[in-house]
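Notes to accompany the following structure.
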Amino acid sequence: MTIQKIGVCGAGMMGSEIALVFALADHKVRLMDMDKAFVDKAMKKLEATLDAGIGRGFFAEADKPRALANIEPATDVSAYGDVDLVIEAITEDQEAKGALYKQLDAVLKPGAIVASNTSSISISVLASYLSEPRQKNFLGLHFFSPVSRMKLVEVISGFDSDPEVVKAATAACEAIGKSPIQVKDVVGFAVNRILFAMWDEAIRLVEEGACTPEDIDTGCRLGLGHPVGPFELMDNITIDLALKVSNILEDAYGDRMHVRPTIKQLHAAGRLGRRYGRGWYRYDEKGKRVG
Numbered sequence: 001m002t003i004q005k006i007g008v009c010g011a012g013m014m015g016s017e018i019a020l021v022f023a024l025a026d027h028k029v030r031l032m033d034m035d036k037a038f039v040d041k042a043m044k045k046l047e048a049t050l051d052a053g054i055g056r057g058f059f060a061e062a063d064k065p066r067a068l069a070n071i072e073p074a075t076d077v078s079a080y081g082d083v084d085l086v087i088e089a090i091t092e093d094q095e096a097k098g099a100l101y102k103q104l105d106a107v108l109k110p111g112a113i114v115a116s117n118t119s120s121i122s123i124s125v126l127a128s129y130l131s132e133p134r135q136k137n138f139l140g141l142h143f144f145s146p147v148s149r150m151k152l153v154e155v156i157s158g159f160d161s162d163p164e165v166v167k168a169a170t171a172a173c174e175a176i177g178k179s180p181i182q183v184k185d186v187v188g189f190a191v192n193r194i195l196f197a198m199w200d201e202a203i204r205l206v207e208e209g210a211c212t213p214e215d216i217d218t219g220c221r222l223g224l225g226h227p228v229g230p231f232e233l234m235d236n237i238t239i240d241l242a243l244k245v246s247n248i249l250e251d252a253y254g255d256r257m258h259v260r261p262t263i264k265q266l267h268a269a270g271r272l273g274r275r276y277g278r279g280w281y282r283y284d285e286k287g288k289r290v291g
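For the sequence shown, position 56 (counting from the first letter as 1) is numbered 56 according to this note's numbering, and the numbering increases by one without interruption.
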């Protein structure tokens, strides 16, 4: 299977950066979201990401016009009629994803590969929203944020995923400079099961009064070699997403992945993380931590 044309559903932080890494590797990419203003905002954000990357030496000057020229904004799934691979990167909600797959089913060409960037939902369950012939062409491709910097992709096979499809999707990830790992279809896959178990214990330490979030973050950075601590990371990905995934893991694994009370309280209080001005920490209007 040859993968050339890419579709990305969802122009949020994950979807737009997935589009960017494929565009930088000279794939033609259609970045779709139902709201045109949201797509336009994503394109401006990608320009800023490229500018910042050029300034730090991550990208060359010539990368910016080339990458942007390779990304075509869209607002309807009908734009995906000729793509080879569609990557869904919308909200972490099973029913929302399923509704999108049904729309894609009607417009994709035969043999097109469909992948979800879900961080926790069963790939086999998501595949059930597609018609049976397409289920063999469905798999999980879980990228990590920020996609333009993080090398890892979890490649997840569902019950019916064709090994040749998995092989082709894995090769496509390698071709854009990623390092794929193969994971069976278990809820939360590999990395998030490890990560959320760590978060559970980190929050427990705070609830017990043993440590502050800041001291735990410092300990993980300096003692474990992590680039950011667990509470910094929760604020970066948003408390909303952290809670959604925590609930999915708790439903699947019970007390092994118990949702801590404090993260529920933060969510209910609207303290959703860096982009909202407050989560575990406080931030200014530019997202810089101030407390």
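Heads up, the beta-carbon is just placed ideally off N, CA and C, and yes, glycines get one too. Computed from a predicted model, the values in this text were never measured in an experiment.
**Request:** Flag this pair as yes or no: are the beta carbons of LEU126 and GLY81 separated by less than 8 Å?
**Result:** no
**Prompt:** Any beta-carbon of chain B closer than 8 Å to the one on GLY229?
**Reply:** Of the protein chains in the structure, only one exists, and it is not chain B.
**Exposed unless 16 or more other CB atoms sit within 10 angstroms - verdict on THR118** = buried
**Prompt:** Can you find at least 3 beta carbon pairs, one from the stretch 1–17 and one from the stretch 38–46, that sit closer than 8 Å?
**Reply:** yes
**Prompt:** Pairing CB atoms from the stretch 123–143 with CB atoms from the stretch 177–193, are three or more of them under 8 Å?
**Reply:** yes
**Prompt:** With which residues is MET32 paired in a DSSP beta bridge?
**Reply:** CYS9 and ALA74
**Asked** Which first and last residues belong to the alpha helix (DSSP H) in which ALA127 is found?
**Response** 123–127
**Request:** Determine the DSSP secondary structure at PRO261, reduced to helix, strand or coil.
**Result:** helix
**Message:** I need the DSSP call for PRO180, collapsed to helix, strand or coil.
**Reply:** strand
**Request:** Specify whether the stretch 71–89 and the stretch 101–119 touch according to this definition: at least 3 beta carbon pairs, one from each stretch, less than 8 Å apart.
**Result:** yes
**N-terminal and C-terminal residue of the beta strand (DSSP E) that VAL86 is part of** = 85–88
**Prompt:** By how many angstroms is the C-alpha of ALA19 removed from the C-alpha of SER148?
**Reply:** 10 Å
**Asked** Does DSSP put GLY55 in a helix, in a strand, or in coil?
**Response** helix
**Asked** According to the neighbour-count rule (16 or more other Cβ atoms, all chains shown, within 10 Å of its Cβ), is ALA242 buried or exposed?
**Response** buried
**Message:** Quick check on ILE113: buried or exposed, where buried means 16 or more other Cβ atoms within 10 Å of its Cβ?
**Reply:** buried
**Request:** Out of GLY291, ALA69, GLY158 and PRO230, point me to the one whose CA is closest to ALA202's CA.
**Result:** PRO230
**Asked** Roughly how many whole angstroms lie between the Cα atoms of LEU139 and ASP51?
**Response** 33 Å
**Message:** Excluding the 5 residues flanking GLU72 on each side, which residues of the same chain have their C-beta closer than 8 Å to its C-beta?
**Reply:** LYS28, VAL29, ARG30, LEU31 and ALA79
**Message:** Considering only the alpha carbon of each residue, which of SER116, ALA69, ALA168 and LEU68 lies closest to GLU88?
**Reply:** SER116
**Prompt:** Do you know whose CA, among ALA23, MET1, ALA37 and GLY15, lies nearest ILE176's CA?
**Reply:** ALA23
**Message:** Between the alpha carbons of GLY273 and THR238, how many angstroms are there, rounded?
**Reply:** 5 Å
**Message:** Under DSSP, the alpha helix (DSSP H) around ILE203 begins and ends at which residues?
**Reply:** 191–207
**Request:** Find out if the Cβ-Cβ distance for the pair ASP235, TYR281 is shorter than 8 Å.
**Result:** yes
**Request:** Mind checking who GLU154 pairs with in its DSSP beta bridge?
**Result:** HIS142 and ILE181
**Request:** Compute the Euclidean distance between the alpha carbons of LYS5 and GLU154, then round it to the nearest angstrom.
**Result:** 21 Å
**Which of helix, strand or coil DSSP assigns to ILE237** = helix
**Message:** Taking the alpha carbon of LEU130 as the reference point, which residue from SER161, MET257, ASP63 and LYS36 has its own alpha carbon closest?
**Reply:** SER161
**Request:** Quick one: grab the DSSP three-state call for ALA115.
**Result:** strand
**Request:** Please work out which residues of its chain come closer than 6 Å, Cβ to Cβ, to GLY15, disregarding the five sequence neighbours upstream and downstream, and give them in chain order.
**Result:** VAL8 and ALA89
**Close beta carbons around GLU61, own chain, < 7 Å, minus the five adjacent residues each side** = ILE54
**Span separating the alpha-carbon of PHE144 from that of LEU266** = 24 Å
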